[in-house]
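Contents: one structure, followed by commentary.
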Ligand SMILES: [Zn+2]
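Residue numbers (our numbering): 2 to 322.
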């Protein structure tokens, strides 16, 4: 079995082992392209696109970990269709059952694929932050399903809410097979229910959307707190992992988290500066974009204005504390 090394991962060369033994895909059941990161860890990189009919809403990075006792999935995607395709890909690597799933946060592109896991493995444990369980109880799943159905013109229809059933607080160490899954939650960051999952034995960290690679997080800026996200990215860097597996964009080494941190710090610094000069949020969009022009080739840079508006609110909130 050919394994990924660091160079290969960074240059995005396909792992031959992941696809060489794939069964012939059925129509509409094509494998997701799976890349091997380390001995036990695999990831599929979703397209850097917003949900659309062609991708069936696929946009996140589902991951999985093959242990002695079964397979553990991280964020099985945006719909039952994507979840099934992920399972198909997993079966090309391992015939072990799915024993557990982690959902990094409540945004639907990361977890609506739980449906596909549940229909094949009804007893798999699905872990998430406790607050995500509360959001799902309050109807977040139905809202996300309706949104994805609209954006994909029905390509995700049939997806049903299958929320997590085990709530976490952060700080847990969960042994599965020969591996330990270390859970981090550092308060409100990209959302109020983010978890990161570290596999110290693999030197790998699933960051969820606390770290994304070369992407402006403009979809739900109202859910985030830039101060908290900066703290969380520092915690991610503090794990000193060799592999950083972001929620969107390609995986790689710690430079991905370092770049995310620098971007957030520069964004916050610019908004603070113009706030102190008395500018309103819409007045500062142009100068902030100019100050951050080094990031203009990041996905969705044009939408930075939406993010600035929410960072402005946090800066204002902070000024009155
Ligand atoms: Zn998200």
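For every residue, glycine included, the Cβ atom is placed at its ideal position computed from N, Cα and C. Quick caveat, the model's predicted, so the values are computed rather than measured.
Cα-Cα separation, residue 151 to residue 56: Locating residue 151 in the chain shown gives position 150, where the first residue counts as 1. Locating residue 56 in the chain shown gives position 55, where the first residue counts as 1. About 13 Å.
Cα-Cα separation, residue 153 to residue 53: Within the chain shown, the letter at position 152 stands for residue 153. Within the chain shown, the letter at position 52 stands for residue 53. Those two C-alpha atoms are separated by around 4 Å.
Simplified DSSP state of residue 168, which is helix, strand or coil: Here residue 168 refers to the residue found at position 167 when the chain shown is read from its first residue. Correct three-state label for residue 168: strand.
Backbone secondary structure at residue 160 - three-state DSSP: Along the chain shown, one-based indexing puts residue 160 at 159. If DSSP states are grouped into helix, strand and coil, residue 160 belongs with coil.
For residue 305 and residue 204, the rounded distance between their alpha carbons: Locating residue 204 in the chain shown gives position 203, where the first residue counts as 1. Locating residue 305 in the chain shown gives position 304, where the first residue counts as 1. The alpha-carbon atoms of residue 204 and residue 305 are separated by roughly 33 Å.
Whole beta strand (DSSP E) elements within the stretch 39-125, 3-residue minimum: 42-45, 64-68, 71-75, 99-103
Pick from 125, 168, 117 that is closest to residue 138, judged by C-alpha positions: The count along the chain shown starts at 1 and reaches residue 138 at position 137. Here the closest residue by C-alpha is 168.
Expected contact under 8 Å - CB spacing of residue 125 and residue 99 to nearest Å: Residue mapping note: residue 125 aligns to position 124 of the chain shown, counting from 1. Residue mapping note: residue 99 aligns to position 98 of the chain shown, counting from 1. The pair is a contact, with the Cβ atoms about 5 Å apart (cut-off 8 Å).
Residue 291 versus 272, 79, 318, 172, residue with shortest Cα-Cα distance: In the chain shown, counting from the first residue as 1, residue 291 sits at position 290. Measuring from the Cα of residue 291, the nearest candidate turns out to be 272.
Burial state of residue 199, where buried means 16 or more other Cβ atoms lie within 10 Å: As a position in the chain shown, residue 199 is number 198, starting the count at 1. Buried, since its Cβ has 16 or more Cβ neighbours within 10 Å.
Bridge-paired residues (DSSP) for residue 183: For this step, residue 183 is matched to residue 182 along the chain shown. Per DSSP, 174, 199.
Residue 211 (DSSP reduced to helix, strand or coil): Here the question's residue 211 lines up with position 210 in the chain shown. Coil, per DSSP.
Residues that residue 128 bridges to, as DSSP identifies them: Within the chain shown, numbered from 1, the residue matching residue 128 stands at position 127. The partner list for residue 128 (beta bridge, DSSP) reads 103, 167.
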